[in-house]
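**Student:** Protein chains in written order, with my numbering: chain X, 1 to 494; chain F, 495 to 793; chain A, 794 to 1184. All C-beta atoms in this analysis are idealised placements derived from N, C-alpha and C, irrespective of residue type, glycine included. Here the structure is a predicted model, which means the values were calculated and not measured. Encoded as C-alpha cells, here's the structure I'll be asking about.
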Amino acid sequence: MRALASTLLLQTTRDRSTSGRRLIIGLFILLAGLFVSACRPDQPADGRVRIVYWEKWTGTEGAAVQEVVDRFNSLQDRIYVEYLAVSQVDRKTIVATAGGDPPDVAGIWAAQVATFADNNALTPLEDFIEADGTSVDEFLSRYMPVYADMCLFDGRVFALPSTPATIALHWNKTLFREAGLDPERPPRTLAELDEYARRLTKRDPDTGEITQIGFLPQEPGWWPWAFFGWFGGSLFDEEGEVSIGSDPHNLTAMEWVRSYTEEYGLDDITRFTSGFGGFASPQFGFFSRRVAMVFQGVWFDNYMSQFSPGLDYGAAPWPEAGGGTTEGPFAIADADILIIPRGTSHPKEAWEFVKYLNSVNPKAETKAELGGMELLCLLQAKNSPMHDWSPYFLRAHPHPYIGVFRELASSPGVVHLPMVGIWQEYDREITTMFDRIRLLDTTPNAGLAYTHTRITGTWNRHRKSMQRQRSAAAKAARKLPGTDRSKPNPSQIE
Amino acid sequence: MTRGEWRNLRIGLGFSSLWIVGLGVFTLYPVAASLFYSFCDYSILQRPVWAGMENFSTMLGDDVFWISLKNTLIFAGFSVPMGLAVSLSLALLLNHEVRGRAVYRTIFYLPSIVPIVASSMLWMWIFNGQYGVLNWVIGPLFRLWGDSPPAWLGDPAWSKPALILMSLWGVGNSTIIYLAGLQDVPKEYYESASIDGASSWQRLRYITIPMISPVIYFNLIMGIIGSLQVFTQVFVMTGGTDGAPARSTLFYALYLFSTAFYDLRMGYASAMAWVLFLLIAGLTWIATRAARRRIHYSG
Amino acid sequence: MRKLSPAGRFAVYTGLGLGTILFAFPLAWMLLTSVKPIEQTMVYPPQWLPVAYTVVWDGEPVEVTRDERIEVPSVLVERTSGNRVGERTLMAVERYDPGDPAYRLICRAEPGSWLVTERTGTLARSKGTRQEVVSDEEIRTRLKFRWDNFPKALETMGGRSLEEVEGSIRPSSAMTRPVTFWTFLGNTTIVCVLGVLGTVLSNALIAYGFARVRWRGRDLFFGLTLATMMIPFPVLMVPLYGVFKSLGWIGTLFPLWVPSFFGSAFNIFLMRQFFRTIPEELSEAARIDGCSEWRIFWRIILPLSRPVLAVAALFHFLYAWNDFLGPLLYLTRKETFTLALALQSYQSQHGGVQWNYLMAASTLTVIPIIILFFFAQKTFIQGIATTGTKG
C-alpha cells in the first residue's frame, strides 16, 4: 500500500505540478475576463449621461418610438436615451425595481400606476414640475381632463402619458352593405347594436356553423370592466366601497353579455372563435372579415392597414346603453404612461426625457416643429391627449376618423379605469367572471356576488395593509430628529 | 478532546468551510428569514411590517390559493403514477437483448435532457388547437363520436391533461434509473422461477417489483417533490402566471411566484412557501411509512 | 436476460417501435417546422414538408404564397380611391357591382384557381406586393427547406424586429450594442462553465472533509446537510432574492454561478459516497509519509475521482443550461439573458407567434445538449444510475 501511495504521489507530482499552476493562472485570467464582461455597460465616451428607456412596443409602433428617441438625442447633447423594446414591460419593471436595478424611464399602462405607487416603486414627479417653474395644476391643465386624471394618484403626480387611447365602435362597411344595412349608419343604441348583430350573422346552410358574426362581447375582450360603466353601473360607489355586486346596472350588463352566448350558441361560438388569430395577424376576427363590429382603440387603423388592407370601415361612439352623461356620450379612455422608477441613477435626466415626450408646440406647421407628444402620437396614428392640437397634427394625421376619437376623449361622459392599488386583482376577477358568464359557467347574479365578496375582502385587506405601512413609516420618521412629520417620506421606508 | 481530535476538527472544518458559508448564507438564513416574512407584510421596496397570522388567515379564505393547490395536486396525482408506469414499462422493454438497444435508450432518454423551455415551446406547438399535429392524428378518433378534438391549452378541461401528457415525454431519466435497477436483479431468481413454472406476469409481480422497490420508492419521492413544484413548463406554455385559461393551469409554484414578484406580496408568498414545505414533508413521510413494509433491500 | 418466445419478441419490438415513434416524433417535428416558411406552418391539415410555389410573371419566376383557393366564381378588384387605394381584394361575382366606381375590375376568378401573393416573408403585407389570380397549372411546386430560418431566428431572438431583419423597416439607432443569439450563448456558457468549476471544486473539497477526515460532530453536520435537500426552493426564493439585492447582484450573472462555489447538498452526498469507496489504506500510507490532508486530497483522491467529478460536472452543466427560474428571477437586462430566458422572452415578443422561427431558435438551444450527450453518453447513464440506485 505504501508503495502504491508513493507511486501515485510521485506520478501526480510529476504530471501536475506545472499543470496545476497553469490551471490556477488560467482560472484567474478567465475569471477576470468574465468579471469585466459581466459588468454593466458604462457611459459612452462622448460624456453624455446615458439613460435607459424600456417600452412595450414592437413593429411599426416601436419604430415610431425609435424616431422620437432619435430626435431627442439629436436635439441636445447632455443626455443619451437608450431605447429598449421589452415584452411584459410592467412585470419586468417591477421586478427590476424590486431588485434595485430599474430602468430610468419605463413605459407601462395607466392600470399599474396605483399598484406601483402603493408599493413605493415610483419617483413622484411634482418636485420636478415645480422646479421647472410651473405649478402642477398649470402643467396638468394642458391635458384633456380624463388623461390628466390618470396621472394623479393619492394627490401626487406619479406618471405622465406617452400616448393616449380612446376606444370606439368600429364597423365593417362592406359587411353592412351585404346585409342590407346602411353602411354609413352605425348602431346608435344598444337595441340597434343587438339587432344589427343579428342581421350581420351568417351561418353555413349545411352545417349550421357560424361563418360570420355581427358582434361578440368577447371580441377582443380587453376591457370587460368597461361594460359596467357603459350600462350606467359602477365598480366603486361614492364612499369608495366596492359596488360591483350591489349596483343593479352591473347585473343588466352581465345579462346582456350572457344573452349573446344564449342566442348564438356556446359550442357554435367556441368553434367559430377558435379559428381566430392573434391581434397582429390577418386572422384576427375583424381583420379576417368574420366579425362585423368591434370595440377597438385608436391604434386600430394602423394595424388594419398592415393586416387587412382594403377593409372598408367606420368608427363611431359607443351606442347608448345607459352610461355616459347628458352632456356627452360614454366612452373609455386609456393611456400608455411613463414612470420614473424609484432607485434609478439619473432621475433628473430621466425627467428631461419625460418632459420632452410631454411637450407640445400648439402652433407647429411642419413635422420638424412638432413637440415630442404630437410626434409620437402622429407616428402611431393615435389622438393627442392635449386640449390643443397643432395645425400640422390635424392636417397630416393618417387616421381617417381621428375626429371621432378626439370627440370621445373630450366628452364629459368619458371614463378611465379606477386608479386603485388593487386594480390589477379587480381587473383579473372581472375578466375571470366575464369569461365564466359568457361561457355559461355561472349566472350573472352568482358571478357578480362572488366577485363582490372576493374584491371586498381584497380591498379591505389592502387598506389595512396600507394603514400598517403608514403607521410604521410614521413611527420610523418620528425616531429621527428634525424630519418633516406631516408627510411620511417614502425614502425612509427603505 | 485530545490534541489529535482538535487537529482533525480544524482540518474537517477547514474542508467544510465553503459549505459552512454556503449553508449559512444560501440555506439557513433564507429559511429563517422566510419564516419571519411569512408573518409580515413585505414588499421588498419597504421594510417588513409584522402582521401576525394575517397571511395564513388570508390564505384560508383565498379561493385562488385553493385553486392552485387543487390544480397542483391533480397534476401530481396523475403525472407521478403515470410517469412511473410509463418509465417502468420502457425500462422493462429495454431490459431485453434486442438489437440496437443503445439507440432505443438514447431516443427515450434524449427528451428528458432537452431544455424545458424548448420542449415547452415544442409541445405548445404540437397542442395548438388550430394547426397542431396532435389534433390531426387523434382527430378521426373524436370524429367517430361525432365530436371534435379538444383545444388542449385553450380549453380549461384539457389544459391539465396536456401538461400531464407532456410530462410523460420526459420520463427518460427515471427509465434509466429503473433500467439500472432491473439490471441489478440477479438472473438466478428468474431462472429458478421459470423452472418452477412461473408466468411472465408472476415473475414481474413477485421478483422484479420487489427487487427494484427501493428504486421505485426513490423515483416516487423525487416525483412527488418535483411535480408539486412544477413551474417552468406552465409558465412558458400558458404565457405567464395567470394560469390561463380560466386559472386551470394556475399551479402552486406559479401563484407563489406571481404573488411574490408581480404583486410584490412577499410575506404572503413566504407563507405559501412554508405551507408547501409542510405539504411536501407530510407527503414524503406518508410515502415512507407506506413503503416501509414494502421495500425490500437486498444485501 | 431470458430468451424470448417469438410472441415475446414481437411484443417487445412492437413496444419499442411504438415508443420510439412517440418519443422521437416531437423532436423531428420541431426540426421540420424550423425549416418551413411561416405560412406553411399555419395550415391544417399539417403540411409535412416545406415547399415553394413559383409562378412566372413578366418572364421571371416569382415565389408566391397561395392565399386562398377560389371556391365560387369571383372577381379580383382593386380599390381606386381613399385610404386603401391600390389594394386588391376578392369578391363573389354576385356581390360585385360593375358600376361601382370604388373598385376596378382586374380579372375573373374561376373555382379551382388560386389567389396568390408575392412572398415577402412576413405576415404583414406592405403596399405594392403583387397579388394575382392564377390557375392551378401555372403554379410550380417543389421541395424547399428554408435553412435561412436559422440565421433569421438568431437575429430576431435578440429583439430586432422581424421587419428590420426582413428589411422593410430601417434599422434602429446604431449606438446600441446589438444583442444576438451569440450574446445569449455566451452568457449561458459563462454561467455553465463557472458553475461547473465551482461545483466540482467546492463539493469535492467539502465531501472530502465528510468522507476522509474524522472529526467531532461530522456525522451530525452531514445529517443536517442531507436534511437541507428536502427544502423546496420556493422557501428560499424570496430571502435569497433579498440577499442578492443587498449585494447589488440583481441584474448580473453572479447569482447564477457564485453559489455553486459554496457547495450543494446533493453533490456533497454524491461525492462523499464515492470517496468512501476509495481504500482507506491509501490515505493512511500517505499520512505516514508525512503528507498533509490537503495534499492527500489534491494529489491522490481527486485524480482517482474522475468518474464522480465527471458526473457532477455533467449534471450541473445540464442543470445550468436548462435553468429558467434562476435567470427569470435575477436577470433584468436583455444583454445578460441566458438562452432559456431569451427563448421564452422571444416567444412573448411578437404579436403573432412565428412558429417556424421559434422552433428554429428552440432547435438551436437543444443541439448543444444533444452534442454533449453523444460525447458523454456513458457518463450520463452511469451517473443517473448511481444516483437512483444508491439514493
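Assuming residue 223 (chain X) contacts residue 167 (chain X) under a Cβ cut-off of 8 Å, what Cβ separation, rounded to an integer in Å, is found between them?
**Tutor:** 7 Å
**Student:** Identify the contact partners of residue 92 (chain X) in chain A, using a Cβ-Cβ distance below 7 Å as the criterion.
**Tutor:** Residues of chain A passing the Cβ test: 1125.
**Student:** Determine the closest residue to residue 72 (chain X) out of X:437, X:351, X:473, with distance taken between C-alpha atoms.
**Tutor:** X:351
**Student:** Would you kindly report the start and end of the unbroken alpha helix (DSSP H) that includes residue 425 (chain X)?
**Tutor:** Here the alpha helix (DSSP H) through residue 425 (chain X) covers 423-438.
**Student:** According to DSSP, is residue 496 (chain X) helix, strand or coil?
**Tutor:** Nothing can be reported for residue 496 (chain X): it is not among the residues displayed for chain X, which extend from 1 to 494.
**Student:** Output, in chain order, the set of chain F residues within a Cβ distance shorter than 7 Å of residue 1043 (chain A).
**Tutor:** Those do not exist, as residue 1043 (chain A) stays about 10 Å from chain F at its closest Cβ, beyond 7 Å.
**Student:** Please state the DSSP three-state secondary structure of residue 633 (chain F).
**Tutor:** It is helical.
**Student:** Near residue 1033 (chain A), what residues of its chain come up, given a Cβ to Cβ distance below 6 Å and the 5 sequence neighbours on each side ignored?
**Tutor:** none
**Student:** Do residue 528 (chain F) and residue 767 (chain F) have their C-beta atoms within less than 8 Å of each other?
**Tutor:** yes
**Student:** So is residue 359 (chain X) in contact with chain F if we call contact Cβ pairs under 8 Å?
**Tutor:** no
**Student:** Taking a Cβ distance cut-off of 7 Å, strictly less, list which residues of the segment 665-684 of chain F are near chain A, in chain order.
**Tutor:** 667, 670, 671, 674, 675, 678, 684
**Student:** Short of 7 Å in beta carbon distance, which residues of its chain neighbour residue 818 (chain F), apart from the five on each side in sequence? Order them along the chain.
**Tutor:** It is not possible to answer for residue 818 (chain F), since the shown part of chain F is limited to 495 through 793.
**Student:** Can you pull the DSSP bridge partners for residue 496 (chain X)?
**Tutor:** Outside the modelled stretch of chain X, which goes from 1 to 494, sits residue 496 (chain X), for which no answer is possible.
**Student:** Could you spell out the range, first to last residue, of the beta strand (DSSP E) harbouring residue 924 (chain A)?
**Tutor:** 924-927
**Student:** Quick one: give me the first and last residue of the alpha helix (DSSP H) that residue 985 (chain A) is part of.
**Tutor:** 974-1005
**Student:** Do residue 983 (chain A) and residue 608 (chain F) have their C-beta atoms closer together than 8 Å?
**Tutor:** With respect to the 8 Å criterion, residue 983 (chain A) and residue 608 (chain F) are not classified as neighbours on the basis of their beta carbons.
**Student:** Assuming residue 583 (chain F) is part of the alpha helix (DSSP H), what are its boundary residues?
**Tutor:** 557-588
**Student:** Within the 8 Å Cβ cut-off, does residue 1023 (chain A) reach chain F?
**Tutor:** Yes - at least one Cβ of chain F is within 8 Å of the one on residue 1023 (chain A).
**Student:** Who are the neighbours of residue 755 (chain F) on chain X, taking C-beta pairs under 9 Å?
**Tutor:** 91, 94, 95, 98
**Student:** Checking contacts by CB at 8 Å: is residue 942 (chain A) closer than that to chain F?
**Tutor:** Output row for residue 942 (chain A): interface = no.
**Student:** Listing by chain order, which chain F residues have their CB less than 9 Å from the CB of residue 1158 (chain A)?
**Tutor:** 608, 609, 611, 612
**Student:** Give me the Cα-Cα distance between residue 948 (chain A) and residue 1002 (chain A), rounded to the nearest whole angstrom.
**Tutor:** In a straight line, the C-alpha of residue 948 (chain A) is about 48 Å away from that of residue 1002 (chain A).
**Student:** Since residue 623 (chain F) and residue 274 (chain X) should fall inside the 8 Å C-beta cutoff, what is the C-beta to C-beta distance between them, to a whole number of angstroms?
**Tutor:** 6 Å
**Student:** Whole angstroms is fine: what's the gap from residue 784 (chain F)'s alpha carbon to residue 536 (chain F)'s?
**Tutor:** Distance between the alpha carbons of residue 784 (chain F) and residue 536 (chain F) is about 40 Å.
**Student:** Roughly how many angstroms separate the alpha carbons of residue 865 (chain A) and residue 903 (chain A), rounded to a whole number?
**Tutor:** 7 Å
**Student:** Could you tell me which chain F residues have their CB closer than 7 Å to the CB of residue 1009 (chain A), listed as they occur along the chain?
**Tutor:** 495, 499, 503
**Student:** So, with DSSP's three-state summary, where would you put residue 244 (chain X)?
**Tutor:** coil
**Student:** If we define contact as Cβ-Cβ less than 8 Å, is residue 87 (chain X) a contact residue for chain A?
**Tutor:** yes
**Student:** Could you give the distance in angstroms between the alpha-carbon of residue 1166 (chain A) and the alpha-carbon of residue 1173 (chain A)?
**Tutor:** 7 Å
**Student:** Taking the alpha helix (DSSP H) that residue 373 (chain X) belongs to, which residues open and close that run?
**Tutor:** 372-379
**Student:** In terms of residues, what are the limits of the alpha helix (DSSP H) holding residue 290 (chain X)?
**Tutor:** Residue 290 (chain X) -> no alpha helix (DSSP H), and no H or E assigned at all.
**Student:** For residue 506 (chain F), which residues in chain A fall below 7 Å Cβ to Cβ?
**Tutor:** 1002, 1006, 1008, 1011
**Student:** What are the start and end residues of each continuous alpha helix (DSSP H) run of 4 or more residues lying completely inside the segment 97-181 of chain X, in chain order?
**Tutor:** 113-118, 126-131, 136-140, 145-151, 173-178
**Student:** To the nearest angstrom, how far is it from the Cα of residue 96 (chain X) to the Cα of residue 51 (chain X)?
**Tutor:** Distance between residue 96 (chain X) and residue 51 (chain X), taken at the CA atoms: about 15 Å.
**Student:** For residue 39 (chain X), which three-state DSSP category applies?
**Tutor:** Residue placement at residue 39 (chain X) is flagged as unreliable, the pLDDT there being 45, under the threshold of 50; a coordinate-derived value is accordingly withheld.
**Student:** With 16 as the cutoff for other CB atoms within 10 Å, does residue 770 (chain F) come out buried or exposed?
**Tutor:** Under this definition residue 770 (chain F) is a buried residue.
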